[in-house]
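**Student:** Mind looking over this structure? Questions follow.
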Amino acid sequence: MHLTFKETKEEVYAAQRVSKHVSPHLHNALEIVCVTEGTLEMGVGQELYHMEKGDIGFVFSDIIHHYQVFSEKTSRADYILVPSSFAGVLKDKIQGYAPKYPVIRAGQIEPDVYNAIQAIIQMEENEPMIVQAYVQIVLARCIGKMELVEKSCVGSDDLIYRTVSYISGNFRRQFSLEDMARDLGVSKYVLSRVFSKTFHRNFNQYLNDARLSYACTRLVNTNDTILNICLDSGFDSQRTFNRVFKERYKTTPSEYRKNKRQNG
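Using this note's numbering, the first residue of the sequence shown is number 732, and each one after it goes up by one.
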């Protein structure tokens, strides 16, 4: 399920999917991840947390996180992203704090939490208020099981955070490594090392990853033209977009859209 509220442009995403490597990133949404098959490594801040079937992980607003899959067997999880406003009376905690340990083990979780997550995954796109109610059930049951700390305690105020935040906020416009380094007040050589040593990608690769991820969402969930999606995602030409897209996904944007809509 993926929907956008016309009034606020806030988005809700909920789906069960095969888990894969996801580079460090951040967003304003509350993210809930429940492993349904295999294992998953969830990185939050500078820590990595191992998750097994039935474990649930929480990523609060504006916290750097990433995912890795080390097992050769298939791993799946339910992924839910909702605006922090869906947390209701817990909104301030979601926005101002972070879990010291963001994973709750399966043995600590009540059955109605799993029921609520499954209800969200299966929800129709025209029922956002019901989604919000189920999200609040999950939080009401789980948030008391986590110790909440200031966001600075999970590594949110260093150069890595500022790098991820900058890319997340600016990938849809044109800028160079030199431009970014100047805006962050560091040398381009220092910034280049952050990309290579922390993200194991160079600047252009990491920036294109962010742009491609955004473009894929738009390809599947809108009827916008490929040219408009290309330019809105930050690429300077459709030729560049098509080349980078095919290098990454081994298909063209139009074929990707067609296959995703046919196969779900």
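Virtual Cβ for every residue (Gly too), placed ideally from N, Cα, C.
Just so it is clear, the structure is predicted and the values come from calculations on it, not from any experiment.
1. Quick check on this structure: which residue in Val790, Tyr744, Asn952 and Phe902 has the alpha carbon closest to the alpha carbon of Tyr828?
2. If you reduce the DSSP assignment to three classes, tell me which class Asp809 lands in.
3. Round the Cβ separation of Asp914 and Ile835 to the nearest angstrom and send it over; I've been treating them as touching at under 8 Å.
4. Pick from Lys989, Asp823, Ser806 and Gln747: whose alpha carbon is nearest that of Tyr845?
5. Which term fits Thr983, buried or exposed, when burial requires 16 or more other beta carbons within 10 angstroms of its beta carbon?
6. May I have the straight-line CA-CA distance separating Ile795 from Tyr810, to the nearest angstrom?
7. Check whether the Cβ of Thr983 lies closer than 8 Å to any Cβ atom in chain B.
8. For Asn959 and Ser968, I'd like the C-alpha separation in whole angstroms.
9. For Met782, which residues does DSSP report across the bridge?
10. Which whole runs of the beta strand (DSSP E) in the segment 810–882 are 3 residues long or more, in chain order?
11. How many whole angstroms separate the CB atoms of Glu878 and Tyr832, which I take to be in contact at a CB cut-off of 8 Å?
12. To the nearest angstrom, report how far apart Val917 and Leu962 are at their CA atoms.
13. Thinking Val866 and Phe817 are a contact (beta carbons under 8 Å), I'd like their distance in whole angstroms, please.
14. Which residues in the same chain have their Cβ closer than 8 Å to the Cβ of Lys737, if we skip the five residues on either side of it in sequence?
15. In whole angstroms, what separates the C-alpha of Thr739 from that of Pro814?
16. Roughly how many angstroms lie between the CA atoms of Phe976 and Tyr937, to the nearest whole one?
17. What is the residue span of the beta strand (DSSP E) that Glu742 lies within?
18. Where does Arg903 land, buried or exposed, given buried means 16+ other C-beta within 10 angstroms?
19. Drop a sphere of 10 angstroms on the beta-carbon of Val749, count the other beta-carbons inside from all chains shown, and report buried for 16 or more, exposed for fewer.
20. Which residue comes first and which comes last in the beta strand (DSSP E) that contains Gly788?
21. Given a cut-off of 8 Å, decide if Ser896 and Leu908 are closer than it, judged by their beta-carbon atoms.
**Tutor:** In brief:
1. By one-based count along the sequence shown, residue 828 stands at place 97. The residue among Val790, Tyr744, Asn952 and Phe902 with its C-alpha nearest the C-alpha of Tyr828 is Val790.
2. Locating residue 809 in the sequence shown gives position 78, counting from the first residue. The answer is strand: DSSP assigns Asp809 an E or B state.
3. Here residue 914 refers to the residue found at position 183 of the sequence shown. Here residue 835 refers to the residue found at position 104 of the sequence shown. Contact flag wrong, Cβ pair sits at about 38 Å.
4. Translated into the one-based positions of the sequence shown, residue 845 becomes position 114. Here the closest residue by C-alpha is Gln747.
5. Position 252 of the sequence shown, counting from 1, holds the residue named residue 983. Per the 10 Å Cβ criterion, exposed.
6. Mapped onto the sequence shown, residue 795 falls at position 64. Mapped onto the sequence shown, residue 810 falls at position 79. About 16 Å.
7. The question asks about chain B, but that chain is absent: this structure has only one protein chain.
8. Here residue 959 corresponds to residue number 228 of the sequence shown, with the count starting at 1. Here residue 968 corresponds to residue number 237 of the sequence shown, with the count starting at 1. Answer to the nearest angstrom: the Cα atoms are 10 Å apart.
9. Mapped onto the sequence shown, residue 782 falls at position 51. Met782 pairs with Leu771.
10. 828–830 and 879–881
11. Locating residue 878 in the sequence shown gives position 147, where the first residue counts as 1. Locating residue 832 in the sequence shown gives position 101, where the first residue counts as 1. Confirmed, Cβ separation roughly 7 Å.
12. Position 186 of the sequence shown holds residue 917. Position 231 of the sequence shown holds residue 962. Straight-line Cα distance between these residues: approximately 29 Å.
13. Stepping through the sequence shown from its first residue, residue 866 is reached at position 135. Stepping through the sequence shown from its first residue, residue 817 is reached at position 86. Confirmed, Cβ separation roughly 5 Å.
14. Taking the first residue of the sequence shown as 1, we reach residue 737 at position 6. Because Lys737 sits at a pLDDT of 40, beneath the cut-off of 50, its placement in the model cannot be relied upon, and the point is left open.
15. The residue given as residue 739 occupies position 8 in the sequence shown. The residue given as residue 814 occupies position 83 in the sequence shown. Below a pLDDT of 50, predicted positions are generally treated as unreliable, and Thr739, at 40, falls in that range; the measurement from the model is reported next regardless. When rounded, the distance between both Cα atoms is 10 Å.
16. Within the sequence shown, the letter at position 245 stands for residue 976. Within the sequence shown, the letter at position 206 stands for residue 937. Those two C-alpha atoms are separated by around 13 Å.
17. Residue 742 sits at position 11 when you count from the first residue of the sequence shown. Looking at the DSSP string, the run of the beta strand (DSSP E) that includes Glu742 is Glu742 to Val749.
18. Within the sequence shown, residue 903 is the residue found at index 172, counting from 1. Per the 10 Å Cβ criterion, exposed.
19. Within the sequence shown, numbered from 1, the residue matching residue 749 stands at position 18. That one is exposed.
20. Translated into positions along the sequence shown, residue 788 becomes position 57. Counting along the chain, the beta strand (DSSP E) containing Gly788 begins and ends at Ile787 to Val790.
21. Looking up residue 908 in the sequence shown gives position 177. Looking up residue 896 in the sequence shown gives position 165. Taking 8 Å as the Cβ cut-off, Leu908 and Ser896 do not qualify as a contacting pair.
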